[in-house]
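Peer 1: Numbering (UniProt numbering), first residue to last: 1 to 191.
Here a beta-carbon is modelled for each residue, glycine too, at the ideal position from N, C-alpha and C.
1) Verify whether the separation of the beta carbon atoms of residue 79 and residue 73 is less than 9 Å.
2) Quick one: give me the first and last residue of the alpha helix (DSSP H) that residue 19 is part of.
3) Which residues does DSSP list as the beta-bridge partners of residue 73?
4) Comparing C-alpha positions only, which one of 128, 93, 156 sits nearest to residue 144?
5) Whose C-alpha, out of 88, 162, 19, 42, is nearest the C-alpha of residue 136?
6) Buried or exposed: which applies to residue 94, given that a residue is buried once 16 or more other Cβ atoms fall within 10 Å of its Cβ?
7) Which of helix, strand or coil does DSSP assign to residue 120?
8) Using the rule of at least 16 other Cβ atoms within 10 Å of the residue's Cβ for burial, across every protein chain shown, is residue 119 buried or exposed?
9) Is it buried or exposed, residue 109, if we count other Cβ atoms within 10 angstroms and call 16 or more buried?
10) Label residue 87 either buried or exposed according to how many other C-beta atoms from any shown protein chain fall within 10 Å of its C-beta, with 16 as the threshold for buried.
11) Just verifying my parser: in three-state terms, what is the DSSP assignment at residue 100?
12) Could you check whether residue 34 and residue 102 sit closer than 9 Å to each other, using their CB atoms as the reference points?
13) Would residue 234 and residue 168 qualify as a contact pair, given that the criterion is a beta-carbon distance under 9 Å?
14) Short of 8 Å in beta carbon distance, which residues of its chain neighbour residue 54, apart from the five on each side in sequence? Order them along the chain.
15) Name the residue from 91, 115, 172 whose alpha carbon lies nearest to the alpha carbon of residue 151.
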């Protein structure tokens, strides 16, 4: 049964938000998109397209596929002001593109700065992690997936990156190692 608040009752003790279902479905579409465009150069248009896929049909956001018009925060951290988003993203993309070969550390740095700009009203974390996954594949770097076990360490790493890069770097490297273990398991004789 769907209620007025865009939720439905899965069973007597579990209410599910329809946006959660849409976001999960959209995440699969966005993942397909990054796989199909893995070698495409990052651009403002690419970022907007990815965001529009991630947030398609979600009712919790006013602006889909375009940059924020109101300030937002990551916890207590201030992010880039709306009127400066495009300029800051252009600088970030230009700086990142100028690097001839990218390492995991450069990818982590790019990811942090994207998250710090926080260009969209909502969905920045998902878009940022999808971009990092795409760029890892493009540059022959083992991707990372932030799992539930590492989620709080990841947020702490983002919070403290400017003064201590170690938390975010170590968290991402641990998540990268975990994905590598999974890949090796399925590539080996265990399949």
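Peer 2: Considering the structure as presented:
1) As a first step, residue 79 is located in the chain shown; it is residue number 79 there, counting from the start. As a first step, residue 73 is located in the chain shown; it is residue number 73 there, counting from the start. Yes; because the gap between Cβ atoms is below 9 Å, this pair is in contact.
2) Reading the chain shown from its first residue, position 19 is the one you call residue 19. From DSSP, the alpha helix (DSSP H) with residue 19 extends over 18-36.
3) Within the chain shown, residue 73 is the residue found at index 73, counting from 1. For residue 73, which the question treats as bridged, DSSP gives the partners 78.
4) The residue you call residue 144 lines up with position 144 of the chain shown. Selected option, being the one with the closest Cα: 128.
5) Along the chain shown, one-based indexing puts residue 136 at 136. Looking at the Cα atoms, 42 is the closest of the given residues.
6) Numbered from 1 along the chain shown, position 94 holds the residue referred to as residue 94. So residue 94 ends up on the exposed side.
7) Within the chain shown, residue 120 is the residue found at index 120, counting from 1. Here residue 120 sits in coil by DSSP.
8) Translated into positions along the chain shown, residue 119 becomes position 119. Under this definition residue 119 is a buried residue.
9) Counting from 1 along the chain shown, the entry for residue 109 is found at position 109. The residue is buried, with at least 16 neighbouring Cβ atoms inside 10 Å.
10) Along the chain shown, read from residue 1 onward, the residue named residue 87 stands at position 87. Exposed, since its Cβ has fewer than 16 Cβ neighbours within 10 Å.
11) Against the chain shown, residue 100 aligns to sequence position 100. DSSP places residue 100 in coil when its eight states are reduced to three.
12) Numbered from 1 along the chain shown, position 102 holds the residue referred to as residue 102. Numbered from 1 along the chain shown, position 34 holds the residue referred to as residue 34. Their beta carbons are not under 9 Å apart, which means residue 102 does not touch residue 34 by this criterion.
13) Any property of residue 234 remains undetermined from this structure, which presents the chain solely from 1 to 191.
14) Numbered from its first residue, the chain shown carries residue 54 at position 54. 23, 26, 27, 30, 123, 126, 127, 130, listed in sequence order.
15) What you label residue 151 is simply residue 151 of the chain shown in a count that begins at 1. The shortest Cα separation from residue 151 among 91, 115, 172 belongs to 172.
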